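**Q** Quick one: structure below, then a few questions.
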Amino acid sequence: MAATSTPQGSLRQRNVGGSSKKIKDGAASDVELDKFPKAGAAKSGPAGSDRDYKVVFAFITAMAFLTRFWGISHPNEVVFDEVHFGKFASYYLEKTYFFDVHPPFGKLLFAFMGWLVGYDGHFHFDNIGDSYIANKVPYVAFRSLPAILGALTVSVVYMIMWESGYSLPACVVAAGLVLLDNAHIGQTRLILLDATLVFAMACSLLFYIKFYKLRHEPFSRKWWKWLILTGFALSCDISTKYVGLFAFITIGSAVIIDLWDLLNIKRPGGALSLPDFSKHFAARAFGLIIMPFIFYLFWFQVHFAILTRSGPGDDFMTPEFQETLSDNVMLANAITIDYYDTIVLKHKETKAYLHSHPDRYPLRYDDGRVSSQGQQVTGYPYNDTNNHWEILPSVNDDHKLGRHVKNHDLVRLRHVVTNTYLLSHDVASPYYPTNQEFTTVAETDAFGDRAPDTLFEVRIENGKTNQEFKTVSSHFKFIHNPSKVAMWTHTTPLPDWAFKQQEINGNKQITPSSNIWLVEDIPSLPADHRRRQKEQKQVKTLPFMRKWFELQRSMFWHNNQLTSSHPYASLPYQWPFLLRGVSFWTQNDTRQQIYFLGNPIGWWVASSVLAIYAGIILADQFSLRRGIDALDHRSRSRLYNSTGFFFLAWATHYFPFFVMGRQLFLHHYLPAHLASTLVTGALVEFVFSADSAENEAAYQAIRAGKKPATSAGVKRHVSARERFAGQSMMASWIATILILSIVFAGWYFFLPLTYGYPGLSVDQVLRRKWLGYDLHFAK
Amino acid sequence: MATNDRAAVATGTEAGDAARRRNVASSEPLQSGTIIKPDAEDTKKAAKKSPSILQVLDEWEWVISPLIFTALAFFTRFYKIGLSPIVTWDEAQSVHLSSTGLGDYFGKFGSHYLKREFYFDVHATVKPPAGKLLVGLSGYLAGYNGSFEFKSGETYPPEVNYTFMRQFNAFWGAVCVPMAYWTAKELNFRRSAVWLVTLMVLCENSYTTISRFILLDSMLLFGTVLTTLCWAKFHSQRRNSFDPEWFFWLFMTGLSIGFVCSVKLVGLFVTALVGLYTIEDLWNKFGDTKLPVTELAAHFVARVLGLIVLPFLIYLLSFAIHFAVLTNTGPGDAQMSSLFQANLRGTEVGRNSPLEVALGSRVTIKNMGYGGGLLHSHVQTFPEGSGQQQVTCYHHKDANNDWFFYPNRRDEDYNAEADPRFIGNNDVIRLIHAQTGRNLHSHEIAAPITKADKEVSCYGNLTVGDDKDHWKIEVISDAASRDRSKIRTLTTGFRLKHEVLGCYLRAGNVNLPQWGFKQIEVTCTKENKPRDTYTHWNIESHTNEKLPPGDPGQYKSPFLKDFIHLNVAMMTSNNALVPDPDKQDDLASQWWQWPILNVGLRMCSWDDKITKYFLLGNPLVYWGSTAGLGIFATLVAWYVLRWQRGFRELSQNDIDQIHYAGIYPVIGWFLHYLPFVVMARVTYVHHYYPALYFAILTFGFLADWFLRNQKKAIQYSIYAVLDATVIGLYIYFMPICWGMTGSNKKYSYMKWFDSWRMSDA
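Same order as they appear, the protein sequences are chains A and B. The UniProt record's numbering puts the first residue of the first sequence at 1, with every later residue one more than the last. The UniProt record's numbering puts the first residue of the second sequence at 1, with every later residue one more than the last.
Below, the structure written as structure tokens:
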């Protein structure tokens, strides 16, 4: 293989020379990570050093809480997607069933928060800008949940670096970049899911590193603890949003590399027997796949257990599912419709009834187009006998009663009061030249030469063939049979000639859900009619797995439907450069706005460091290939294994978005940004401090001495403190202070856009339009 | 097990080496028996007599086999090729494309096609021109004058020699068979495996069927197979770097890459395969510190020349011919720049147009961005926003594209009697839509789709209106003159700046919804980017009775600019990605259906009277090759895991064989398959055919790998069973390739599954 020509130098990273092939694997594997952890290392260094870490940790955590909580009560209005997630929390508190494309964990946390402060969920967060004060919502309690998680995220970032054995400046840079990042702050001060998501993602990295450091004590109690915790963090991640899957890819890749090394017959720690290896494999499969999945299911069980009452999410589910919800009016009142029943049709979206009256369409509309001058068919929001239509079969069956109308049946509708028949034809509707006019014709025409045009198909939404057509519960589209247009209406009122009632027309686009109608009642049935008698329905139960499957399918399906464009949607390539943000909230009087945007300086630093990292790796590979070894073994190992792991986390949290079809926003980059700050911290250390030559010499000596006492040589953990013992950290500190001060400046400059306070003058707004950010109040 | 393997490998290596020394080596008596399949029993006897027939046959196998296979290929591909006189499936499209070229070429019949509404217009189709040119050439050779309107399902008129045109296409499909033979040989398969691979290509019903019609797919297949062959040849020359033969195969590889990419962009996938190989190759050489740097550089340069520059030149050449042939105006014109159109024969653009534009001129205004249309308006109004009359950009040429230049409202009114006043840089004008008399207008209302921009509408009339109808002309470029005091037809590129809002008129290729008839949204953008070509406009047609006619079309549009323009239009064309409503959607299939041969495709109507063709593969080839991919993955995983556990059972030769004859074909399969999984476009079964070829090679590799060291009896019996099944199934399914006549019920015996709809029964 190619590797035979690889120069000896690169072998140094391997303690056992042996086969030449391993160079590449060695580069990618984490074999050496354990050289650095503090665990097991005798605390030889000055104790004060560890205290330094702790002091800085406490300080950064305090700052994190300060930045996240400062002015959290402002604005006291519904901001951006709080509309959704606040609403869902309210639904949980009211126990009414709702539907959302995200898994339940993050939303359950909010509900829990609301429950803690005794909120009853009366407010439904209907519009952006609704006042919290007027509606008496404990919004600060809601917001403090993400704020706490957001603040802790900073601490976790610090601990990741610390646990990975990086020097103090490196820890400070990484944590500082998150601490002073406007996007992290902005996203975690509002009632949104991303704080939970990012926190869980960061925790999964931290716990995995903790777990990995214990690999020389496999199956110990601690080893299991961190394995399970990693799995739990992963599970929380994916139970919040499905992008949590990316963390599985990150950890999964690291695990695969780890397993590959365990399989190695010439493994430094001695070969593992296959049964031992299987144990390793099974433990990870259990801890990182099976157990997280069980947790994931558990949240759904909680979800179903809480939401026992019928609510706005009913419509997304099958009737069988809906029967498990209490007081589901819809199902209780559903009556199967028979032919020759008189029915009332209601448009689902605008709540208007299908209506007709003897007045006719005017010959000529204002814009000069002509009508058929047929009888008007309109939408009318009030009860009226003119809303009564008799449903007739498409073929003459001698008025045979008791026959049910089925899905896909062709039917006619007779307007009872005027004794005319509903019809559509290729005449433009009053407002829409592209849509067909609806009118009615007399009986002779309806069964004469216009007969085909009076035929309509009942198409029940998600219905099966031969499903019965029921009142209330059957949502259906009414498709004109010859021309395949769907009966549709919209809210713009017709002129006076139609008494400002709604226009009904035939929509060529059949798919939109605005075409959906339902039958509200059967007025021809007396209130005490036998068909109305229904035994009191017991709330049914369904097996959990069946409910879960149904919901899961529905969630994926709707998730894929989220392709519509959004004015502030962005594309993945724009994120690392921070080309645009999202307008969250504006207030005209005070000229205040919240514009979701990262700290441009911090982002650009992090993104360019990613490029530098890739460049260093490439350069190293190329020079190794030519037999030039420019790095000492420890730096290289650190660069490939530890920093490589962070880089992998960034890549797996970023690149999958490129193939995603749904609309994307800047906040999707937050987990990847967090990983990029880790790389930045690590690289600051790499660039500004060198490993002491002493270590390298000692290492070479050990290598030369053939079989070293492996237990001592390999397993000895070296903390950053030891590594840099006696070495000046001055350069690192200067770089850290420089970076953090410009980052601080950037953070401070964009602060008014993040906190929504204070309002900015035109000039101030213009100065912040760095890459043409589409800010409000620019004039 | 391990010891067995090791022992087995030892002999296998020798055999492998022997095979690599070309087929002649196999004349050793010991080998000959293993390789000749038929008449196996006689081998021993035959070997004793010195120049027996069998030995001669054996010695000349490298000539005889390809000849026989080629003959069979030509027979299966040509037999009864003209049976169906009906335009079948996509023949409509490919022939039409070529015929437009022909018609234009001959000039006589050009106008004939222009009336036709063709979905994919000539210039903006997503396929590069080489394939269409070749089809056109075949038509030319067949004496076809391009006067026949092709519609799927119609009968060819007597004067069209469609048989010849089909034969021309079938030729490309037929020569794939001997090339598969040579490729397998080059990959060091032993003779039986080589035969198996060749048979699988020869007896592949879907390859047979697709080759027998006037479609570009046989050429694509040819290009893919040829590129693979050249790559394999080049690879086996790797120890003879810079020998003439090495150079020959390097440039042949480049040549075929150029060809296949010029036929269909799918060719890029096989290019990627060669690219990956080259990168790996160079990386290995880069790591060889004993190699002089100059030689390393020479390797690098040779590959850049052979595999990048040469293919690109060929691609360029195909476009040069395309432009040279298509000299007449056609329906695809509007996709191209005005200047390009002006140089087409028979075009209205630039003919008799006055050179300089004055107030009162009636003009059409063309967007200069890639695929930009003409500024357009119609009586329909915006359903949201201002509710005023829509302004869009549209490629179709009609009177709604006409605009009048009028003076601004502060200026004195336009006087038809007075001397013409010319328009120049920085002049403020109004544009009045000729059909409705309304002014081009913009205001503080967000555009319907691009919300960040302002809406552009048509509003008011000659008297009603305000200064929001005022547009300032900013000249960007002029191909003809440095003088910016006058706007010239075709040559002047300018921007229109809204005087009040300070924004620029832009049409950024964003399609409006149905209410805007899917035309392009026109907005007024705040961003002042002088290099944004979507804000650049030029005058395309121009009439003004008071001005003398000129000939602005004398300025040529440079070839490279046209080339880039057309390519960008091709790549960004939405047509490539959006389902084509004109095509019957029940023909489409999904990626997961292909490898398991879940569906076929009806190529024509299923009437009893006509000859029916059904696109379906040979089940053994499909299922076998798909299973082979899985087996191969298992095999590799097995060896890698054992290697990590310290087993060293493979020699370097074995590893090389797996690497180049196994892994590369699998990579080829992935490269040709995965893009269709990811792509959101409508896909059909024939999109799998190039990938299938690589799956067949993988299957051949596995057969070779597992059987090469088995007992002869086992080898013979397994190969015999495989070969016989492939041939048997091919013949069994032959009617779907050669045409099913009469009632489709007759053929229900082939309908193994309901989804194989070759029969309605």
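For every residue, glycine included, the Cβ atom is placed at its ideal position computed from N, Cα and C. Just so we're clear, the structure is a prediction, and the values are computed from it rather than from any experiment.
Tell me Lys472 of chain B's beta-bridge partners as DSSP assigns them.
**A** B:Val428 and B:Lys497
**Q** Does the stretch 683–695 of chain B touch the stretch 647–663 of chain B, meaning 3 or more C-beta pairs lie closer than 8 angstroms?
**A** no
**Q** Note down the Cα distance separating Gly681 of chain A from Ala611 of chain A, rounded to an integer number of angstroms.
**A** 14 angstroms
**Q** Grouping DSSP H, G and I as helix and E and B as strand, with all else coil, what is Asn709 of chain B?
**A** coil
**Q** Cα separation between Val31 of chain A and Asp261 of chain A?
**A** A caution first: Val31 of chain A carries a pLDDT of 42, below 50, which makes its placement in the model too unreliable to give a value.
**Q** Can you have a look at Trp132 of chain A and say buried or exposed, based on whether 16 or more other CB atoms are within 10 angstroms of its CB?
**A** Residue 132 of chain A is actually Tyr in this sequence, not Trp. Result: buried.
**Q** Which residues of chain B have a Cβ atom closer than 9 angstroms to the Cβ of Asn264 of chain A, listed in chain order?
**A** Gln644, Arg645 and Gly646
**Q** Go ahead and label Arg580 of chain A buried or exposed: buried means 16 or more other beta carbons lie within 10 angstroms of its beta carbon, across all protein chains shown.
**A** buried
**Q** Is there a C-beta anywhere in chain A that falls below 9 angstroms from the one on Gln389 of chain B?
**A** It does not: the Cβ of Gln389 of chain B has no partner Cβ on chain A nearer than 9 angstroms.
**Q** Whole beta strand (DSSP E) runs in the stretch 315–403 of chain A with 3 or more residues, listed along the chain?
**A** 342–347, 353–360, 375–380 and 388–393
**Q** Quick one, are the C-beta atoms of Glu349 of chain A and Ser513 of chain A less than 9 angstroms apart?
**A** yes
**Q** Between the beta-carbon of Thr342 of chain A and the beta-carbon of Ile522 of chain A, is there less than 9 angstroms?
**A** yes
**Q** Out of B:Gly82, B:Ser651, B:Arg645 and B:Phe647, which one is the CA nearest neighbour of Phe213 of chain B?
**A** B:Gly82
**Q** Can you tell me the Cα-Cα spacing of Trp575 of chain A and Ile251 of chain A, whole angstroms?
**A** 23 angstroms
**Q** Starting from Ala157 of chain B, follow the beta strand (DSSP E) in both directions and report where the run begins and ends.
**A** Here the sequence assigns Pro to residue 157 of chain B, which means Ala is not the residue at that position. Segment: none, Pro157 of chain B is in no beta strand (DSSP E) and carries neither H nor E.
**Q** Considering only C-alpha positions, which residue in the set A:Ile601, A:Gln533, A:Phe584 and A:Met201 is nearest to Leu152 of chain A?
**A** Among A:Ile601, A:Gln533, A:Phe584 and A:Met201, the Cα nearest to that of Leu152 of chain A belongs to A:Met201.
**Q** Let me know if Arg403 of chain A comes out buried or exposed under the rule of 16 or more other beta-carbons within 10 Å of its beta-carbon.
**A** Around the CB of Arg403 of chain A, fewer than 16 other CB atoms lie within 10 Å, so the residue is classed as exposed.
**Q** Would you say Trp260 of chain A reaches chain B, if we count a Cβ-Cβ gap shorter than 9 angstroms as a contact?
**A** yes
**Q** Which whole runs of the beta strand (DSSP E) in the UniProt domain "MIR" (354–408) of chain B are 3 residues long or more, in chain order?
**A** 362–367, 374–381, 389–394 and 402–407
**Q** Can you pull the chain B neighbours of Gly629 of chain A, defined as C-beta to C-beta under 8 angstroms?
**A** One detail in the question is off: residue 629 of chain A reads as Asp in this sequence, not Gly. Those do not exist, as Asp629 of chain A stays about 13 angstroms from chain B at its closest Cβ, beyond 8 angstroms.
**Q** Under 9 angstroms between C-beta atoms, does Ala297 of chain B make it to chain A?
**A** no
**Q** Using the beta-carbon count (16 or more within 10 Å), is Gly107 of chain B buried or exposed?
**A** Reliability fails at Gly107 of chain B, whose pLDDT of 30 lies under 50, so the model's placement of it is uncertain and the value that follows must be treated cautiously. The residue is exposed, with fewer than 16 neighbouring Cβ atoms inside 10 Å.
**Q** Using a Cβ-Cβ cutoff of less than 7 angstroms, which residues in the same chain neighbour Glu94 of chain A once the five nearest sequence positions on both sides are dropped?
**A** Answer for Glu94 of chain A: Gly121, listed in chain order.
**Q** For His633 of chain A and chain B, any beta-carbon pair shorter than 9 angstroms?
**A** False, the Cβ-Cβ gap to chain B never drops below 9 angstroms.
**Q** What is the residue span of the alpha helix (DSSP H) that Cys230 of chain B lies within?
**A** Start and end: Asp217 to Ser236.
**Q** Output, in chain order, the set of chain B residues within a Cβ distance shorter than 7 angstroms of Val427 of chain A.
**A** Simply none; closest approach about 17 angstroms.
**Q** Taking the beta strand (DSSP E) that Gly508 of chain B belongs to, which residues open and close that run?
**A** Tyr504 to Asn511
**Q** Excluding the five sequence neighbours on either side, which residues of its own chain have a C-beta within less than 8 angstroms of the C-beta of Leu664 of chain A, listed in chain order?
**A** Ala569, Ser570, Leu571, Pro572 and Phe657
**Q** Flag this pair as yes or no: are the beta carbons of Leu578 of chain A and Leu771 of chain A separated by less than 9 angstroms?
**A** yes
**Q** Whole angstroms are fine: how far does the CA of Leu187 of chain B sit from the CA of Leu707 of chain B?
**A** 16 angstroms
**Q** Hey, does Val678 of chain B have any beta-carbon neighbour from chain A nearer than 9 angstroms?
**A** yes
**Q** Count the CB pairs spanning the stretch 530–545 of chain B and the stretch 455–467 of chain B that are closer than 8 angstroms, and state whether there are at least three.
**A** no
**Q** Tell me the rounded alpha-carbon separation between residue 764 of chain B and Tyr207 of chain B.
**A** Past the boundaries of the shown model lies residue 764 of chain B; chain B is included only from 1 to 761, so the question cannot be answered.
**Q** Tyr140 of chain B lies in the alpha helix (DSSP H); which residues open and close that run?
**A** Ala130 to Leu141
**Q** Against Val659 of chain A, what residues of chain B qualify as contacts under a CB-to-CB distance less than 7 angstroms, listed in chain order?
**A** Val678
**Q** Could you check what DSSP says for Trp594 of chain B in three-state terms: helix, strand or coil?
**A** coil
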